[in-house]
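Undergrad: My questions will all concern the structure given below.
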Amino acid sequence: MMNLNMVAPPEQSNMRILVTGGAGFIGSHLVDKLMENEKNEVIVVDNYFTGSKDNLRKWIGHPRFELIRHDVTEPLLVEVDQIYHLACPASPIFYKHNPVKTIKTNVIGTLNMLGLAKRVGARILLTSTSEVYGDPLIHPQPETYWGNVNPIGVRSCYDEGKRVAETLMFDYHRQHGIEIRIARIFNTYGPRMNIDDGRVVSNFIAQALRGEPLTVQKPGTQTRSFCFVSDMVDGLIRLMEGENTGPINIGNPGEFTMLELAETVKELINPKVEIKMVENTPDDPRQRKPDITKAKELLGWEPKVKLRDGLPLMEEDFRLRLGVSKEN
Ligand SMILES: NC(=O)c1ccc[n+]([C@@H]2O[C@H](COP(=O)([O-])OP(=O)(O)OC[C@H]3O[C@@H](n4cnc5c(N)ncnc54)[C@H](O)[C@@H]3O)[C@@H](O)[C@H]2O)c1
Ligand SMILES: O=C(O)[C@H]1O[C@H](OP(=O)(O)OP(=O)(O)OC[C@H]2O[C@@H](n3ccc(=O)[nH]c3=O)[C@H](O)[C@@H]2O)[C@H](O)[C@@H](O)[C@@H]1O
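Residue 94 in the working numbering sits at position 87 of the sequence shown; the count goes up by one each step and never skips.
Structure follows, in structure tokens:
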């Protein structure tokens with residue numbers, strides 16, 4: 008007869024965490040970090056529009072991990088304690104590809120996740136965006152700035168969509184007492200970005216490795232502030248675990264023009280490539296830099312990885328995936 012005292016108890020998890028969009032770039036890095044804690048059980052839902060199972064390869068089959076193909080525009084019922092709601096195409100070429108679907112994902116998807124949070128009593132964090140500031144007239148951008156957003160432009164499905172998502176979060180908080188957290192994420196980069204994602208850092212690195220010209224969209228003087236993904240994940244977890252609803256800017260205040268970024272990628276990765284000026288798309292914000300005073304004070308968070316240190320880490324990952332060795 009089996010001695011029951013010898014049987015190991017089933018693994019107990021203290022926290023069951025849902026990550027929507029967990030097969031994407033930031034989501035999969037967040038999952039890696041959450042899975043490091045043996046008390047966490049992680050459930051990912053994703054429709055694989057821009058994400059991939061490959062990003063979660065190492066967790067598939069793990070007893071504390073579950074992956075569900077699901078579109079957040081449809082209702083979902085799972086018993087969870089926390090929800091990191093990331094599901095949404097993030098690169099302009101993808102969110103503009105099917106703008107109606109993008110706004111549905113932001114509005115109906117967020118409504119569904121808030122309904123779930125209300126039903127099961129979970130805390131929910133939304134990954135909003137610096138795009139809620141539009142083409143900002145205040146620089147750098149503090150959270151108190153209401154933004155300068157075109158409501159009918161080609162980017163509106165994304166930036167207005169995220170603004171409505173923030174409104175829904177606060178209305179559920181005020182009306183139903185849901186515990187909410189809102190992160191306003193500024194341009195984040197790192198390993199695992201889709202090679203043909205279309206965002207500027209992944210474009211320049213892939214172009215440099217393929218020996219193609221770096222396509223700087225005009226005028227090239229527009230600025231962005233780039234945050235490495237490990238810093239971002241650290242900030243998101245601190246926000247979720249802390250006491251403040253936000254919105255809180257999470258980003259790296261190091262600001263660069265797109266021409267400066269191209270020069271840096273050229274210098275670090277392939278000094279032989281050309282820099283080519285190409286046409287831009289409408290409503291491209293002219294400047295963007297986070298004021299992170301609130302994140303420092305309320306979360307004790309600030310980014311650690313400088314652009315020049317983060318780019319080589321991404322280069323390494325892109326070389327492997329593109330099959331381009333260092334000697335070429
Ligand atoms: N990376 C950045 O610079 C940045 C900046 C600001 C905000 N954000 C936000 O962070 C989140 C993650 O961005 P990312 O850079 O990892 O992008 P990503 O495209 O790699 O990830 C998005 C994920 O959401 C999934 N998804 C999209 N629509 C879905 C739907 N309807 N149902 C289920 N899954 C869906 C995609 O398949 C993908 O796995 C997004 O909400 C984005 O708006 C990102
Ligand atoms: O951080 C944010 O809040 C948002 O930033 C990005 O938006 P954007 O800054 O326009 O991202 P990119 O497409 O990477 O463009 C950045 C800049 O690079 C320029 N660019 C882009 C691609 C390229 O090949 N060359 C180039 O010069 C664009 O014109 C733009 O000025 C993404 O839309 C979202 O992931 C995110 O929500």
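All C-beta atoms, glycine included, are put in the ideal place defined by N, C-alpha and C.
Relative to the C-alpha of E304, which candidate in D290, N277 and E250 has its C-alpha closest?
TA: Your numbering for residue 304 matches position 297 in the sequence shown. Of D290, N277 and E250, the residue nearest in Cα terms is E250.
Undergrad: Output needed for V285: all residues of its chain with C-beta closer than 8 Å, excluding positions within five of it in sequence on either side, in chain order.
TA: Reading the sequence shown from its first residue, position 278 is the one you call residue 285. Cβ neighbours of V285 beyond the five flanking positions: T222, V223, Q224 and K225.
Undergrad: On the CB-based measure, 16 or more other CB atoms within 10 Å of its CB, does L246 come out buried or exposed?
TA: Position 239 of the sequence shown, counting from 1, holds the residue named residue 246. Classification for L246: buried.
Undergrad: Tell me whether W153 is buried or exposed, calling it buried when 16 or more other Cβ atoms sit within 10 Å of its Cβ.
TA: Within the sequence shown, numbered from 1, the residue matching residue 153 stands at position 146. Exposed, because fewer than 16 other Cβ atoms sit within 10 Å of the Cβ of W153.
Undergrad: Tell me whether K40 counts as near ligand 1, meaning its Cβ is closer than 8 Å to at least one heavy atom of that ligand.
TA: Translated into positions along the sequence shown, residue 40 becomes position 33. No, ligand 1 has no heavy atom inside 8 Å of this Cβ.
Undergrad: Need the endpoints of the beta strand (DSSP E) that L133 sits in, please.
TA: Taking the sequence shown and counting its residues from 1, the one referred to as residue 133 is at position 126. Element bounds for L133: R130 to T136.
Undergrad: Pop quiz: R295 and F193 are said to be a contact at Cβ under 8 Å. What is the actual Cβ separation, rounded to whole angstroms?
TA: Within the sequence shown, residue 295 is the residue found at index 288, counting from 1. Within the sequence shown, residue 193 is the residue found at index 186, counting from 1. Contact holds; Cβ gap of about 7 Å.
Undergrad: With a cut-off of 8 Å, do at least 3 Cβ pairs link the region 267-282 to the region 307-318?
TA: At 8 Å Cβ cutoff, the stretches touch.
Undergrad: What are the start and end residues of the alpha helix (DSSP H) that includes R76?
TA: Position 69 of the sequence shown, counting from 1, holds the residue named residue 76. Element bounds for R76: not the alpha helix (DSSP H) but the beta strand (DSSP E), F72 to R76.
Undergrad: Taking C-alpha atoms, which residue in V280, N287 and I115 lies nearest to F211?
TA: Start at 1 with the first residue of the sequence shown, and residue 211 comes out as number 204. Checking every option, the nearest Cα to that of F211 belongs to V280.
Undergrad: The beta strand (DSSP E) spanning E250 covers which residue range?
TA: As a first step, residue 250 is located in the sequence shown; it is residue number 243 there, counting from the start. Unbroken run through E250: none, as it is neither H nor E.
Undergrad: Taking the alpha helix (DSSP H) that S163 belongs to, which residues open and close that run?
TA: What you label residue 163 is simply residue 156 of the sequence shown in a count that begins at 1. Element bounds for S163: S163 to H183.
Undergrad: Could you give the residue range of the beta strand (DSSP E) that holds L144?
TA: Within the sequence shown, residue 144 is the residue found at index 137, counting from 1. From DSSP, L144 is part of no beta strand (DSSP E); its letter is neither H nor E.
Undergrad: Near S2, which residues of its chain fall below 7 Å by C-beta distance, leaving aside the five closest residues on each side in sequence?
TA: Residue 2 lies beyond the residue range present for the chain, which begins at 8 and ends at 335; the question has no answer from this structure.
Undergrad: Note down, one range per segment and in chain order, each beta strand (DSSP E) of at least 3 residues found wholly within the region 46-92.
TA: With a minimum length of 3 residues, the continuous beta strand (DSSP E) runs that stay inside the region 46-92 are 47-53, 72-76 and 89-92.
Undergrad: Can you list, in chain order, the residues of its chain with a C-beta nearer than 6 Å to that of V240? Leave out the 5 residues immediately preceding and following it.
TA: The residue you call residue 240 lines up with position 233 of the sequence shown. Counting only Cβ-Cβ distances below 6 Å, and skipping sequence neighbours, we find H36, L37 and K40.
Undergrad: For P292, which of F325, I282 and G141 has the nearest alpha-carbon?
TA: Numbered from its first residue, the sequence shown carries residue 292 at position 285. Checking every option, the nearest Cα to that of P292 belongs to G141.
Undergrad: In or out: L84 buried (at least 16 other Cβ within 10 Å) or exposed?
TA: Stepping through the sequence shown from its first residue, residue 84 is reached at position 77. Burial call: exposed.
Undergrad: Classify S163: buried if its beta carbon has 16 or more other beta carbons within 10 angstroms, exposed otherwise.
TA: Translated into the one-based positions of the sequence shown, residue 163 becomes position 156. S163 should be labelled buried.
Undergrad: Select from V208, H92, F101 and P310 the residue whose C-alpha is nearest the C-alpha of I190.
TA: For this step, residue 190 is matched to residue 183 along the sequence shown. Note on residue identity: the sequence assigns Ala, not Ile, to residue 190. Here the closest residue by C-alpha is H92.
Undergrad: Pop quiz: L121 and Y55 are said to be a contact at Cβ under 8 Å. What is the actual Cβ separation, rounded to whole angstroms?
TA: Locating residue 121 in the sequence shown gives position 114, where the first residue counts as 1. Locating residue 55 in the sequence shown gives position 48, where the first residue counts as 1. About 23 Å; that fails the 8 Å criterion.
Undergrad: What residues are listed by DSSP as bridge partners for Y196?
TA: By one-based count along the sequence shown, residue 196 stands at place 189. DSSP output for Y196 lists F235 as bridge partner(s).
Undergrad: Pick from P143, D290, L74 and Q229: whose alpha carbon is nearest that of F263?
TA: The residue you call residue 263 lines up with position 256 of the sequence shown. Of the candidates P143, D290, L74 and Q229, the one whose C-alpha sits nearest the C-alpha of F263 is Q229.
Undergrad: Please determine if the region 103-110 and the region 130-149 are in contact, where contact requires at least 3 C-beta pairs separated by less than 8 Å.
TA: These segments do not touch.
Undergrad: Which residue from S237, E150 and G168 puts its Cα closest to that of T252?
TA: Walking along the sequence shown from the start, residue 252 turns up at place 245. Looking at the Cα atoms, E150 is the closest of the given residues.
Undergrad: Give the range of the alpha helix (DSSP H) segment to which Q214 is assigned.
TA: Within the sequence shown, residue 214 is the residue found at index 207, counting from 1. Segment V207 to R217, the alpha helix (DSSP H) holding Q214.
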